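As given, the protein sequences belong to chains A and B, one line each in that order.
FYI, the numbering for the first sequence is 1 to 349, going by the numbering used here.
FYI, the numbering for the second sequence is 1001 to 1638, going by the numbering used here.
All C-beta atoms in this analysis are idealised placements derived from N, C-alpha and C, irrespective of residue type, glycine included.
Keep in mind the model is a prediction, meaning the values are calculated, not measured.
Worksheet for the structure shown next.
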Amino acid sequence: MKVRRHPIIQMVVIGAIASAIGIALALWINWFPADAAKQDHPIDTLYDVLMIVSIPIFVLVLTVVLYSVWAFRMRPGQELEDGPPIHGNTRLEVFWTAIPAILLVSLCSYAYAVLNDIETKHPDELVVKVQAVQFAWTFSYPQSGGRTVTSTQLYLPKDKPVRFDIQTKDVLHDFWVPAFRVKIDAVPGITTRLRATPTKLGTFPVVCAELCGLGHSVMRSTAHVLTPAAFDRWLADQQAPAQNAAGGGAARQLSQDQLIALGRDAFAGDGGCGACHTLADAGTTGTTGPDLDRALRGQSEDEIRTDIVDPNARIAPGYSANIMPPTFEQTLSRQQLDGLVAYLATVSK
Amino acid sequence: MTAKLRAPGWYRAGLFTVLGIAFAYLLVGVVRSAMHFPNAWDDGDAVTIVSLIAAPLFFLVGIGCFDYWFYWVSGRPTRPEDHSSHGATSWKDYFRVNTDHKVIGIQYVCTSFFFLFVGGLLAMLMRAELAQPGMQFVNSQQFNGLFSVHAALLIFLFVIPVFAGLANFVIPLMIGAPDMAFPRLNALSFWMLPLAGLLMVGSFFAPGGSFATGWTAYAPLSTEAPIGQMFFTIAVQFAGASSIATALNFLVTIITMRAPGMSFFRMPLLVWANFSTSLLVVIATPFIAASQFFVLLDRALGFQFFDAFVGAGKDGSVLMYQHVFWFYSHPAVYIMMLPGFGIISEVLSVKARKPIFGYRMMAFSLIAIVVLGFTVWAHHMFVSGMQSWIRIPMMITTAIIAVPTGIKIFSWLATLWRGVLHLDTPMLFALGFLTTFTCGGISGVMLAMIPFDIHVSDTYFIVAHIHYVLFGGSLFTIFAGVYYWFPKMTGRMYDERLGKLHFWATFVFFNVTFAPMHVIGVQGMPRRVADYAQEFAGMNLAISIASFLLGLSMLVFLYNMVVSWRLGPRASANPWRALTLEWQVSSPPPIFNFDAVPTVVGGPYEYGIPGAVHGIFQSPAEAKPTPAGSVATSPTTE
């Protein structure tokens, strides 16, 4: 048994096998969320490369530790023995200084190339203005003629490079779409920029990644990636109701029942109320704001409307000001707001 | 009673604390009246903030930290050095202002471990809430408070001071000194610490709840937070002042008080490690003090350092807070790791019965980490919106700092090679450290790569990384050190079987708790959230269960320490057959450490050389010197 007498060869063999298993496992695990933007592929590949480089280093340390424990542990009778007085080995020390340094500089160069790749500017970018406030997102799309389409959910056309211009009205937030792999802080006083090119149809979560206060964990929205045609239709739809309202408004008068149904949807859905408020009828369980099953009892429609559009006007006992966004008059459509008031007045009776 | 109230001690401390609060009330009232403010005498917010500063200072005067200096300053005859405040004869002496570095070391270690258990309990409350999506036990304010206080306590009241405590006990003994250079300053440093801890824990009782903006306290969230935030801001000043004073003390002690013959390259690596750490502390800590003073002034007096919405000029700069904060808080990561490197070098060399491999490179790599440590801070800010070019040099320096760290890891592995490994508890923790810290180091290099960091910044991947470095790294070295020096500190032996049980339970549940966090982080779970998407539910439940078992394993440690300290078998002077000086005196050491001044005649780790000694207690003429590194043997020679 020649191998037995060469512990180094033995360890290299064991280490190589363990590294191969580790790398195979790391590449097999589905680490990342949905792959939905052009930025994803370079970042995911960088991660794979990092894994392929890291695992053998970890396995090396682990193998030497385990081998030493197995081969060099104190055996009965060795209680008073010492090891050989080896003080160092210059060649070995130069080797394990130089090799990691070369490896790390190469990785940095590769990462730099990936960074340039994912942050490339495109001449025909779609600009989306992202406005963060405690604890909601507003997305606006500048249109020709100085008008702006505003939405609480993010709509994007597929395969079109997008530039997000991000601002905040209060504290730090962080705009992150995990499926696009990119994020950046919303910083008071400055506009930060982020680029992504969606490549996959579907809906993906939008997350606030920077601690922004009590409602941080519910500061979520949804990104909808549509076909370019559907995106244009959506933009047109968003502009249409405003024109209707201006031109008489009676065209789409809703019945009281329709209003209440609309309000209920807004409460539990894209209005975002349910994230912070508990309301049994809508099936929501948020605890950041007052429990509306109790707080709303006996409130008139006018009082409820004021509470939504100007939340700091009166604060429920035990809660502090500036927690609820003061922007719902802008982010909700007029019908949604009327619906919410009608709905909340009904359920609190 | 009057005599008790006049003599330094707990009665006078209590009285002075009340006086401090009264002083704060009067000061605020008088100033507000002079400024013609309405309600000059009943602004609870202002009185609380001034009290938070005044009451601890008055307490320190009351307990007696300043007595000797006040005598001297006021020109009264200073008492001749009677050493009445030196050494401990009963447990009560540990609750007084004591100038003996060994007593102070034990005070430090016990206080920090108290806060480890408090911080650990907070972590388990957090994991209970996170076991399921949705909100079950706490509300958002309480949850944000839990993770903020958990991190602040474990960083400022556990990892940093426990290393200072171990070093306080060991370093004067290791370098052959009778005490630290400034024993009274040493006592003052210690007593600031429990006050800082009490302020942080006390914030839970503040109106509006505890500070809840993370241990990072990013402005402007922190400058607009309820009064609890000020408990953190001011506690950090006390903890920071304590750190700086101790670091100065270590620097002067190490530079000026080494025994004859102990050149810098004959110092044990623990001394080197604390020398490097102290350099970091002295240079960097003023920056966090500054960042928190800015927050204090912004919140209390409306200075608008960080208010970017002032008028049209937008005077404040939010990013400046992060730069100043991380200029301390990144070196702080090395403040929390380098002393641990020192402990591992001591334990591995003694327990492998071999000289440390590449002693000089080990020392130089510590200094390299100190220098490089100041050039990497903005890697915490890759997604902060700062100037984008800053990211590139910071990525390169961050990656390069892995080179000196790698040198240390590889040298430790080479130290194991062909040794005679004594696999007892300190050694198990040292070996466990080698594997878990390598893992944390590798994820650190991955995080240096900007494109990957952009995705995982502020996710559970960061939580996993920091716990692999601070728990799998620092805490494992702390356990190794506590077990290793337990016989010297207490004069008794700990229970080896319980120690091994503690290691295996901690090692297994540590990995089961924190390894899955890498996965959910990359998958997209942000950190610092009380509620999360349904898809992460399974992993989080597993993590929570493992974390409770990890918490239970700490009880084994607590039981072992308490019972062994009272009832353990007496320890001999040198149970590990170590060469360094602290093992050449009795366990526990005599009150002034050395009955005869030792002379150092060789390196600290000359295991395997027959008859080699590090220090001798006779006159130097009688000793036969064996210089460090004089016997070089190639490791490949069979």
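Inter-residue CB distance, residue i and residue j (contact presumed, cutoff 8 Å)
{"i": "R1418 of chain B", "j": "G83 of chain A", "result": "6 Å"}
{"i": "A34 of chain A", "j": "V225 of chain A", "result": "Going by Cβ atoms, the distance from A34 of chain A to V225 of chain A rounds to 10 Å, so no, they are not a contact pair."}
{"i": "S1345 of chain B", "j": "L1431 of chain B", "result": "The pair is not a contact, with the Cβ atoms about 14 Å apart (cut-off 8 Å)."}
{"i": "G1197 of chain B", "j": "L1157 of chain B", "result": "4 Å"}
{"i": "M1200 of chain B", "j": "V1149 of chain B", "result": "6 Å"}
{"i": "P205 of chain A", "j": "L156 of chain A", "result": "Actually they are not in contact, since the Cβ atoms of P205 of chain A and L156 of chain A sit about 14 Å apart, beyond 8 Å."}
{"i": "A1571 of chain B", "j": "V1585 of chain B", "result": "Not confirmed; about 12 Å, so no contact."}
Proximity of residue i and residue j at Cβ, strictly below 8 Å
{"i": "T150 of chain A", "j": "S1140 of chain B", "result": "no"}
{"i": "F1433 of chain B", "j": "A1480 of chain B", "result": "yes"}
{"i": "L259 of chain A", "j": "I308 of chain A", "result": "no"}
{"i": "V1050 of chain B", "j": "L1027 of chain B", "result": "yes"}
{"i": "L332 of chain A", "j": "A266 of chain A", "result": "yes"}
{"i": "R195 of chain A", "j": "P161 of chain A", "result": "yes"}
{"i": "N1274 of chain B", "j": "A1187 of chain B", "result": "no"}
{"i": "T1124 of chain B", "j": "F1143 of chain B", "result": "Before going on, a small fix: residue 1124 of chain B reads as Met here, not Thr. For M1124 of chain B and F1143 of chain B, no; Cβs fall outside 8 Å."}
{"i": "F1503 of chain B", "j": "G1473 of chain B", "result": "no"}
{"i": "V1159 of chain B", "j": "L1470 of chain B", "result": "yes"}
{"i": "Y110 of chain A", "j": "I1392 of chain B", "result": "no"}
{"i": "T1513 of chain B", "j": "I1478 of chain B", "result": "no"}
{"i": "D185 of chain A", "j": "D170 of chain A", "result": "no"}
{"i": "G1228 of chain B", "j": "S1203 of chain B", "result": "yes"}
{"i": "G213 of chain A", "j": "G1316 of chain B", "result": "no"}
{"i": "R297 of chain A", "j": "S255 of chain A", "result": "no"}
Strand pairing of residue i, partner residues [DSSP]
{"i": "K129 of chain A", "result": "A:S140 and A:D165"}
{"i": "V1118 of chain B", "result": "V1118 of chain B pairs with nothing; no bridge assigned."}
{"i": "C1439 of chain B", "result": "In the DSSP output, where bridge partners are listed per residue, C1439 of chain B has none listed."}
{"i": "S1526 of chain B", "result": "Note that residue 1526 of chain B is Pro in the sequence shown, not Ser. B:T1459."}
{"i": "I52 of chain A", "result": "According to DSSP, I52 of chain A bridges with nothing at all."}
{"i": "L1421 of chain B", "result": "A:R73"}
{"i": "F204 of chain A", "result": "A:A223"}
{"i": "Y1108 of chain B", "result": "Y1108 of chain B is not bridged to any residue."}
{"i": "W1191 of chain B", "result": "DSSP output for W1191 of chain B lists no bridge partner at all."}
{"i": "G1615 of chain B", "result": "B:V1600"}
{"i": "A186 of chain A", "result": "A:H173"}
{"i": "L194 of chain A", "result": "A:F164"}
{"i": "V149 of chain A", "result": "A:Y141"}
{"i": "R1570 of chain B", "result": "B:R1492"}
{"i": "A37 of chain A", "result": "A:P198"}
Close beta carbons around residue i, own chain, < 6 Å, minus the five adjacent residues each side
{"i": "M1395 of chain B", "result": "A1448 and I1450"}
{"i": "M219 of chain A", "result": "F135 and C208"}
{"i": "T1490 of chain B", "result": "W1565"}
{"i": "L1421 of chain B", "result": "A1352"}
Status (buried if at least 16 other CB within 10 Å, exposed otherwise) for residue i
{"i": "K1351 of chain B", "result": "buried"}
{"i": "K183 of chain A", "result": "buried"}
{"i": "F1169 of chain B", "result": "buried"}
{"i": "S1582 of chain B", "result": "Correcting the residue identity first, residue 1582 of chain B is Glu in this sequence and not Ser. With 16 or more Cβ atoms within 10 Å of its Cβ, E1582 of chain B is classed as buried."}
{"i": "A251 of chain A", "result": "With a pLDDT of 44 at A251 of chain A, under the threshold of 50, the modelled position of that residue is not reliable, and the figure given next carries that caveat. It is exposed - the Cβ of A251 of chain A has fewer than 16 other Cβ atoms within 10 Å."}
{"i": "H1036 of chain B", "result": "exposed"}
{"i": "M1001 of chain B", "result": "exposed"}
{"i": "W1272 of chain B", "result": "buried"}
{"i": "V1522 of chain B", "result": "buried"}
{"i": "Y1071 of chain B", "result": "exposed"}
{"i": "R1012 of chain B", "result": "buried"}
{"i": "H1083 of chain B", "result": "exposed"}
{"i": "C1110 of chain B", "result": "exposed"}
{"i": "T1256 of chain B", "result": "exposed"}
Cut-off 7 Å between Cβ atoms - residues of its own chain near residue i, not counting five sequence neighbours on either side
{"i": "I1390 of chain B", "result": "A1378"}
{"i": "S1365 of chain B", "result": "P1404, I1407 and K1408"}
{"i": "I14 of chain A", "result": "T63"}
{"i": "A1003 of chain B", "result": "none"}
{"i": "A1399 of chain B", "result": "V1445 and A1448"}
Contacts around residue i, its chain only, beta-carbon distance under 8 Å, and the 5 residues preceding and following it disregarded
{"i": "F1238 of chain B", "result": "P1056, M1192, L1193, L1195, A1196 and L1199"}
{"i": "I55 of chain A", "result": "S19, G22, I23 and A26"}
Residues, ordered as in the chain, of the stretch 1340 to 1354 of chain B that lie near chain D by beta-carbon distance below 8 Å: Checking the listed chains, one finds no chain D in this structure; the protein chains it contains are A and B.
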